[in-house]
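Worksheet for the structure shown next.
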Amino acid sequence: MPPSGREFPARTGRFSPGRSKTGDRREQGPPPTGAKSAPRSGDAEGATRKTLDRVLSRAGVGSRTVAAEWIREGRVRVNGRVVRDPDVWVDPENDRVLLDGRVLRPRDRLYVLLYKPRGYLCTREDPEKRPTIYDLVADVKSWVFNVGRLDLDTSGLLILTNDTDLGELLTNPAYKVSKTYLVKSSTRLDDEQIQRLRDGVTLSDGVTQPAEVVRLRDSEKYTHLAITIREGRNRQVRRMLEAVDSKVLKLVRTHIGPISIGKLQIGQHRPLSAEEVKTLKDLAEAAAGTGGVAGGSSSSKTSAAKQRMHQIREESSERWSSHEDD
Ligand code: URA
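Numbering (the working numbering), first residue to last: 5 to 330.
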């Protein structure tokens, strides 16, 4: 269900009728005038057209999957007519889209930084009724989704937002936004094992890309590391440690790009500042533009990496001691 009491300010304009992606005619109402199909390249109007489920999702009212259900249930009207096909193309600039009788327009963007504790699932609902991250952000007054996931047993920084564009920028592996993790390994790692982590190890889904790995401290039995990776493969850090014959005992994500978990307490959340949001967008867009890691020359990248590692070292001793039981 969409949150109640929502107001979606009106847009005006005609419903540029089209076919759905699957080619079905939209249903109900008089035959549309000026029928068009999906956007063509070079079609100026087409540049702004999107499928109806995406228009709803971009307005921040729910995921595309949920939006598609609402559409099929007949709760969405476009320019006065019920449309039950989520794949119909509409022009959000000109078409009047109503959900449950209320006019739709993009919501204010919302960005939340959550310190996920261990034992919480990154899912909206669990059939086994285990706690989820959405229990921790129940006070956030908008639909938001988690940008990427952390394993049940991983704690640390998660971003939740209703901005699907930023979500795409941060999770698209092509944009290579870095993520930094603090790791406690189940064995004491020697230099050769650490170098292998840096160079790339072979996992079932291929060799990992070079990682930044800093030995933070050793005890008799364990090593504490900071690992920065730019991929987002499933259980990647755990599998990397297994590939060098060790295991992860504890995993905390401390950074996404330059955004740090800072002094946020476990289980708590805070809004991202406008500056943090801008930094993230700039970073991901720069990476997209250069086809790789964001940043200028390779020497400036190296010095930025060194600076980050210095900061991580500084923060990590405090982080480990204050959250040893996260
Ligand atoms: N790597 C992992 O192994 N798990 C996570 O949750 C995140 C990265």
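For each residue, glycine too, the CB sits at the ideal point set by N, CA and C.
Ranked by how close their Cα comes to the Cα of L220, the residues L186, L140, S277 have L186 in first place. Under a 10 Å Cβ-count criterion, R192 is classified as exposed, with fewer than 16 other Cβ atoms of the shown protein chains found around its own Cβ. Of V141, L140, S61, C126, the smallest CA-CA separation from D112 is found for S61.
With fewer than 16 other beta carbons inside 10 angstroms of its own, T69 counts as exposed. Shortest gap from the CB of D209 to any heavy atom of the ligand URA: 7 Å or more.
Contact between the stretch 188-202 and the stretch 223-238 is present: three or more C-beta pairs spanning the two stretches fall below 8 Å.
By the C-beta criterion, the stretch 266-281 is judged not to be in contact with the stretch 126-136, since fewer than 3 inter-stretch pairs fall below 8 Å.
Just so you know, the alpha carbons of Y179 and S277 end up roughly 22 Å apart. In summary, R128 is exposed, with fewer than 16 beta-carbon neighbours lying within 10 Å of its beta-carbon over all protein chains present.
Here the stretch 201-214 does not lie against the stretch 154-163, with fewer than 3 beta-carbon pairs under 8 Å apart. Here D169 is exposed: its Cβ has fewer than 16 other Cβ atoms, across all protein chains shown, within 10 Å. With a minimum length of 4 residues, the unbroken runs of alpha helix (DSSP H) contained wholly in the stretch 192-246 fall at 195-203. Per DSSP, G160 is one residue of the beta strand (DSSP E) stretching across 159-165.
Residue pairing by DSSP places S264 opposite H259 in a beta bridge.
Given a length threshold of 3 residues, each whole run of the beta strand (DSSP E) inside the stretch 72-125 is given here in chain order: 80-82, 101-103, 115-120. Distance between I260 and I233, taken at the CA atoms: about 10 Å. Put simply, the backbone Cα of D95 is about 16 Å away from that of L103. For V241, the shortest separation between its Cβ and any heavy atom of the ligand URA lies below 7 Å. A distance of 8 Å or more separates the beta carbons of P177 and G123. Sequence-distant Cβ neighbours of N150 in its own chain, meaning closer than 7 Å and more than five residues away, are C126, I137, L162, L164. Approximately 5 Å separates the beta-carbon atoms of V82 and D99; this is inside 8 Å, confirming the contact.
Taking the C-beta atoms as reference points, R257 is found no nearer than 8 Å to K188. Between V101 and P275, the beta carbon gap of about 28 Å keeps them out of contact (Cβ cut-off 8 Å).
The alpha carbon of R53 has as its nearest neighbour, out of S250, W147, D91, Q199, the alpha carbon of D91. Sequence-distant partners of G78 (beyond 5 residues in either direction) whose C-beta falls short of 8 Å from its own C-beta, in its chain, are V86, R88. Placement of the Cβ of D155 at a distance of less than 7 Å from at least one heavy atom of the ligand URA is found.
According to the DSSP assignment, V187 belongs to no alpha helix (DSSP H) but to the beta strand (DSSP E) extending over 183-189.
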